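Residue numbers (this note's numbering): 15 to 93.
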């Protein structure tokens, strides 16, 4: 039985888009960091203990070397 949701992820071509989305909704977007060895980086909007995560490719070459990175690039039409 599902009792909660930790977070949802939205893939974007750039984290600048996340900031524009947050601004349009009147919400504060916090830049996260890079995921080591994955070639991706993130930003989040917090809702109490939960959050919405935005993820984008930071290093296309590194992202292409991992299965999750390749999947993200393909989803975004970058691979």
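Ideal placement from N, C-alpha and C gives every residue a C-beta, glycine not left out.
These numbers were taken from a predicted model, which means no experiment stands behind them.
When the five nearest sequence neighbours on each side are left out, the beta carbons in the same chain lying within less than 7 Å of the beta carbon of residue 29 are those of 45, 55, 57, 68, 70, in order along the chain.
Note on residue 32: 16 or more other CB atoms within 10 angstroms of its CB, so buried under the neighbour-count rule. Annotated as proximal: residue 22 and residue 66, with beta-carbon spacing under 9 Å. Counting along the chain, the unbroken alpha helix (DSSP H) around residue 88 starts and ends at 81 to 89. Residue 35 and residue 90 have their C-alpha atoms some 17 Å from each other.
Rounded to the nearest angstrom, the gap between the Cα atoms of residue 92 and residue 19 is 29 Å.
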